[in-house]
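Its first residue numbered 117, the sequence shown is counted upward by one per residue in this note's numbering. Glycine residues also receive a C-beta, built at the ideal position from the N, C-alpha and C atoms. What follows is a single structure, written as C-alpha cells, with notes after it.
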Amino acid sequence: MCVCVSVGAEGNSIYRFFRILQNTLALDIIMADVAPKKKREGSLEDLSMEFKNGFLGSDHDVSPNSCDECFQSIGEEELISSEAFQLKENESSEIPEERLVVYQYSIIKTLFEKLPIRDLLACAQVCKMWSEVARVVRKQRRNQAFLMLYHPYHPHTKPIVEWFNGLLGHNISDKAKDFVENHLLAPLKDSSGCIFTSYPQVSEQIRPAILDSFKKCYYEPQLIIFFGTISLNSYLAKRFTPRQLYTRHENLFEGIQAIGPCMAAFGTGLVTTVTEANESYTVEMENTTYPMLTGLAIPKVPGFCVKEFNVDFMTASKYKGKVDGVNCKEILNISPDDNVKGIILFHADRRRSSALSDAVYQYLLQNPNVALGGGAMFEIITDKSDDKSSKGCGLIICGDENVKVFSVGMFQKKITSNNEMALARVKNCNFEEEGSFAFMFACNGRGAGMHNHVCNVESNLFRKYFPKTSLIGAFTAGEFIHEYIPGENSQPPRGKKSIEHSFSTVFVIVSIARPPTSPPPHAS
117 MCVCVSVGAE GNSIYRFFRI LQNTLALDII MADVAPKKKR EGSLEDLSME FKNGFLGSDH
177 DVSPNSCDEC FQSIGEEELI SSEAFQLKEN ESSEIPEERL VVYQYSIIKT LFEKLPIRDL
237 LACAQVCKMW SEVARVVRKQ RRNQAFLMLY HPYHPHTKPI VEWFNGLLGH NISDKAKDFV
297 ENHLLAPLKD SSGCIFTSYP QVSEQIRPAI LDSFKKCYYE PQLIIFFGTI SLNSYLAKRF
357 TPRQLYTRHE NLFEGIQAIG PCMAAFGTGL VTTVTEANES YTVEMENTTY PMLTGLAIPK
417 VPGFCVKEFN VDFMTASKYK GKVDGVNCKE ILNISPDDNV KGIILFHADR RRSSALSDAV
477 YQYLLQNPNV ALGGGAMFEI ITDKSDDKSS KGCGLIICGD ENVKVFSVGM FQKKITSNNE
537 MALARVKNCN FEEEGSFAFM FACNGRGAGM HNHVCNVESN LFRKYFPKTS LIGAFTAGEF
597 IHEYIPGENS QPPRGKKSIE HSFSTVFVIV SIARPPTSPP PHAS
C-alpha cells in the first residue's frame, strides 16, 4: 500500500505524522502533492496559520525532540532522499485514490488523536478532509491544565529548591549538598555578606525553554499565565528603551501568544507543581536570587472562559476616586453576558489602593458570591500593553453550571485547625478534582520562616486535600482575598480593607466538570 505525502508548507509536523504512519502500519511512502494550491477561508484555517506562524516560527525551526519520542522528526533533505520515498520499479506515478491512506478517515483520525496540539493545527492546513478531522479531534479532546517550569538546572528541581531555600537558613539535606557540589558553582558573597549567583545563560535559555515546553503540550489552551522570581525578571532585559521593552515581551510571549493571551507576574517567590518519573509534588521557591519561571496553560473547555483585564496608569488616573457599580465592569472587562465565578487580581503597586482594587471591591459589593484571590507583585507584564505602564492586571473566570470556583484564606500564623478547616470545607463539596487547577498567593513573610525552617508546608497541606489538583502561584507583598465556597451565601465585603490583607495565604481553586471520556492516547 502506498501513501501520498505532501512536502509543502506544513514541514516537520507533516513529516512526523507520516513517520508515525509508516512505523505503525509498515507502509511504503511515495511522493505526491496533495497540498492545497491556495489558502482556504475559514476560522480554523486562520487559527492554524496564526498558530503556525507564531508558535512554530515562520522558518519552522522545530527541534527533533520537541514532541513525544514516538514522533520522530527528520530533515527535509533526508526525507526526500530516503529510499522510502522513491517510486518502486513498476510503480506508476498515477496513484489511485482508493490507495491513498491519507484519505482514510479512521486512520487519519486515530493518528491525529496522538498529535500535540501545535502539530494537529499544522496538519489541519493540508487539505479539506484533514481540516475537518482536526476539528473533530479538537472538539473531542478533554483539555486539561498544563504546567511548565524553567530554571538553569532543570529538571533537577528538588535539590536546587532545597539548596537555595536553605541559603535563607532552612534545612538542607546531604543529597542536595552533594548535588550542588557536583553541578553548581559555589555561590558568591558581595561586600555586605549577601549570597548571590550569576546565570548569564538565562537570557539565552528562557525563550527556547518556553517554546519547547509548549510544543509538547497535548492540550489546547485559551490563556497562559507565568509566575517568576525577581531574579528571573532581571534577566529579561531592562525596560527603559522601546527595544528593551520589546525584548522583554519577546523572551516571554513570542511564539505562544498566537494561541491565546499571555501575562506574567513576578514576586518574591513562586509556587508550582512538578511531575518527575510519574511523581507529582509541590515546591515553594522563596529565594529571590535564583531565576525560576513557572507557567500555567488554562485549558479550552466548553462552558468555561477566562478573560484578562489590564489597567495602565492613564486608566487608573482617569477613574481615581470615581469608581462605581457601573464603570467597575468596564475597568474589569466584564460584559453583561459574563457569568463571573472568580477574579484573580495582580497589582504592581504595593500600596494596592487604586482604581483597579476599587473596581474589584465595587463589583464584589454587588456580586458577593464571587471568589477573589491575588496579590501585590514586584512587576507584571501582559502581551497587550507596555509593561512599564501596567498598573495591574488579572483574570475574570466565567463559566456555566459545570464550573465552580472556590476561594479560602489562611490567616493564622501556624497551621492550625482553623487553617485546615478552610480546605476541608472545600473538600467536602465533592467537586470535580480531576483536571482542576488552583492558585496560591502567600505573603512573603510566611513560608519556611514561619514554619520552623520547614519548606512547602502550606502547599503540602493543600496537596493533602487535593492531590490531583495542579497548584501554581507566588509569594507576594500583600494579598487580595474574598472567600467564597459555591453553595454557600457569601456576605458582601465590609469596607475595601476587607479584601486587602497581609501576612496571609489564599487559595483559589477552579473545578470544571466534564463528561467522561477516554484518557489521552499514547503513541506506540
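Short check: CB of PHE330 to CB of MET264, under 8 Å? The residue given as residue 330 occupies position 214 in the sequence shown. The residue given as residue 264 occupies position 148 in the sequence shown. Closer than 8 Å, so yes.
Helix, strand or coil at SER159 [DSSP, three-state]: The count along the sequence shown starts at 1 and reaches residue 159 at position 43. With a pLDDT of only 42 at SER159, under 50, the local geometry of the prediction cannot be trusted, and the value read off the model is given with reservation. Residue state, collapsed to three classes: helix.
Tell whether a beta-carbon distance below 8 Å holds between ASN62 and PHE425. This structure does not reach residue 62, given that the chain is present from 117 up to 640, and the question cannot be answered.
Nearest by alpha-carbon distance to GLN373: which of TYR269, GLN528, ILE497 is it? Position 257 of the sequence shown, counted from the start, is the residue given in the question as residue 373. Residue ILE497 is the option with its Cα nearest to GLN373.
In this structure, how does DSSP classify VAL123 when only helix, strand and coil are distinguished? Sequence index remark: in the sequence shown, residue 123 carries index 7 (1-based). Note that VAL123 scores 40 on pLDDT, short of 50, meaning its location in the model is unreliable; the coordinates nonetheless yield the value given after this. If DSSP states are grouped into helix, strand and coil, VAL123 belongs with coil.
If you count every other CB in all the chains shown that lies within 10 Å of the CB of PRO407, and 16 or more means buried, which is it? If you number the sequence shown from 1, residue 407 lands on position 291. Burial call: buried.
Measuring CB to CB, does ASN535 end up less than 8 Å from VAL399? Your numbering for residue 535 matches position 419 in the sequence shown. Your numbering for residue 399 matches position 283 in the sequence shown. Cβ atoms of ASN535 and VAL399: not closer than 8 Å.
With 16 as the cutoff for other CB atoms within 10 Å, does VAL570 come out buried or exposed? Looking up residue 570 in the sequence shown gives position 454. Burial call: exposed.
Expressed to the nearest angstrom, what Euclidean distance is found between the alpha-carbon atoms of ARG323 and PHE342? Position 207 of the sequence shown, counting from 1, holds the residue named residue 323. Position 226 of the sequence shown, counting from 1, holds the residue named residue 342. Answer to the nearest angstrom: the Cα atoms are 13 Å apart.
Could you give the residue range of the alpha helix (DSSP H) that holds ASN534? Against the sequence shown, residue 534 aligns to sequence position 418. Boundaries of the alpha helix (DSSP H) harbouring ASN534: 533-543, taken from the DSSP string.
If PHE522 and VAL542 are in contact, beta carbons under 8 Å, what's the gap, nearest whole angstrom? Residue mapping note: residue 522 aligns to position 406 of the sequence shown, counting from 1. Residue mapping note: residue 542 aligns to position 426 of the sequence shown, counting from 1. Contact flag correct, Cβ pair sits at about 5 Å.
Please confirm whether LEU386 and ALA590 have their CB atoms less than 8 Å apart. Here residue 386 corresponds to residue number 270 of the sequence shown, with the count starting at 1. Here residue 590 corresponds to residue number 474 of the sequence shown, with the count starting at 1. In this structure, ALA590 lies closer than 8 Å to LEU386 by Cβ.
Within 8 Å, do at least three Cβ pairs link the segment 429-443 to the segment 389-399? no
Which runs of the beta strand (DSSP E), 3 residues or longer, sit entirely within the segment 212-274? 262-266
Spatial neighbours of LYS291 within its chain, please: C-beta separation below 7 Å, excluding the five flanking residues on both sides. Here residue 291 corresponds to residue number 175 of the sequence shown, with the count starting at 1. PRO275.
Where ASP474 falls: helix, strand or coil (DSSP): For the purposes of this step, residue 474 is taken as the residue at position 358 of the sequence shown. In the structure shown, ASP474 sits in a helix (DSSP, three-state: H, G or I).
My output table needs one value for ASN169: the three-state DSSP class, helix, strand or coil. Counting from one through the sequence shown, the residue named residue 169 turns up at place 53. Any reading at ASN169 needs caution, since the residue's pLDDT is 43, under 50, leaving its predicted position unreliable; the model's value is listed next. DSSP places ASN169 in helix when its eight states are reduced to three.
Could you check whether the segment 471-491 touches the segment 443-457, counting it as contact only if at least three pairs of C-beta atoms, one from each stretch, sit closer than 8 Å? yes
From THR140 to ILE223, what distance separates their C-alpha atoms? Translated into the one-based positions of the sequence shown, residue 140 becomes position 24. Translated into the one-based positions of the sequence shown, residue 223 becomes position 107. Low confidence applies to THR140: its pLDDT is 49, below 50, so where it sits in the model is not reliable, and the reading given next is rough at best. If I take the Cα positions, the gap works out to 11 Å.
Would you mind sorting TYR221 into buried or exposed? The rule is 16 or more other CB atoms within 10 Å of its CB. As a working note, residue 221 is residue 105 in the sequence shown. When all chains shown are included, TYR221 counts as exposed.
Taking the alpha carbon of VAL80 as the point to measure from, which residue in PRO608, ASN568, HIS567, ASN560 has its own alpha carbon closest? Given a span of 117 to 640 for the chain in the structure shown, any question on residue 80 remains unanswerable.
What does the alpha-carbon distance come out to for the pair ALA471 and ARG579? The residue you call residue 471 lines up with position 355 of the sequence shown. The residue you call residue 579 lines up with position 463 of the sequence shown. Cα to Cα, ALA471 sits roughly 35 Å from ARG579.
To the nearest angstrom, how far is the alpha carbon of SER586 from that of LEU352? Here residue 586 is taken as the residue at index 470 of the sequence shown, counted from 1. Here residue 352 is taken as the residue at index 236 of the sequence shown, counted from 1. Straight-line measurement puts the Cα of LEU352 at about 27 Å from the Cα of SER586.
Find out if the Cβ-Cβ distance for the pair VAL456, VAL486 is shorter than 8 Å. Working through the sequence shown from its first residue, we reach residue 456 at position 340. Working through the sequence shown from its first residue, we reach residue 486 at position 370. Yes; because the gap between Cβ atoms is below 8 Å, this pair is in contact.
Using the Cβ count rule (16 or more neighbours within 10 Å means buried), how would you classify MET252? Position 136 of the sequence shown, counted from the start, is the residue given in the question as residue 252. The displayed chain sequence assigns Val, not Met, to residue 252. Within 10 angstroms of the beta-carbon of VAL252 lie fewer than 16 other beta-carbons, which makes it exposed.
Is TYR362 buried or exposed, if buried means 16 or more other CB atoms sit within 10 Å of its CB? The residue labelled residue 362 in the question sits at position 246 within the sequence shown. Exposed, since its Cβ has fewer than 16 Cβ neighbours within 10 Å.
Could I get the ranges of all uninterrupted beta strand (DSSP E) runs contained in the segment 393-479, with 3 residues as the minimum, in chain order? With a minimum length of 3 residues, the continuous beta strand (DSSP E) runs that stay inside the segment 393-479 are 395-401, 409-415, 420-428, 456-463.
Determine the direct distance from the alpha carbon of ASP516 to that of TYR73, and round the result to whole angstroms. Here the chain has residues from 117 to 640 only, and residue 73 is not among them.
Kindly indicate which residue of ASN605, GLU595, GLU604, GLY419 has the alpha-carbon position closest to the one of PHE619. As a first step, residue 619 is located in the sequence shown; it is residue number 503 there, counting from the start. Answer by Cα proximity: GLU595.
Among residues of its own chain, excluding the 5 on either side of ALA464, which ones have a beta-carbon nearer than 7 Å to its beta-carbon? Numbered from 1 along the sequence shown, position 348 holds the residue referred to as residue 464. Same-chain partners within the cutoff: MET493, GLU495, ILE496, SER506, LYS507, GLY508.
ILE346 beta carbon less than 8 Å from that of PHE382: To locate residue 382, count along the sequence shown from 1; it is residue 266. To locate residue 346, count along the sequence shown from 1; it is residue 230. The answer is yes: Cβ separation under 8 Å.
Sequence ranges, beta strand (DSSP E) only - wholly within the segment 546-616, length at least 3: Counting whole runs of 3 or more residues, the segment 546-616 contains the beta strand (DSSP E) stretches 553-559, 586-592, 595-598.
Give a yes or no on whether the C-beta atoms belonging to GLN338 and PRO415 are separated by under 8 Å. For the purposes of this step, residue 338 is taken as the residue at position 222 of the sequence shown. For the purposes of this step, residue 415 is taken as the residue at position 299 of the sequence shown. Yes.
Determine the closest residue to TYR269 out of ILE628, TYR315, CYS333, ILE588, with distance taken between C-alpha atoms. Start at 1 with the first residue of the sequence shown, and residue 269 comes out as number 153. For TYR269, the closest alpha carbon among the candidates ILE628, TYR315, CYS333, ILE588 is that of TYR315.
Please state the DSSP three-state secondary structure of PHE619. Translated into the one-based positions of the sequence shown, residue 619 becomes position 503. Coil.
Range of the contiguous beta strand (DSSP E) that encloses ALA374: Position 258 of the sequence shown, counting from 1, holds the residue named residue 374. No beta strand (DSSP E) holds ALA374; DSSP gives it neither H nor E.
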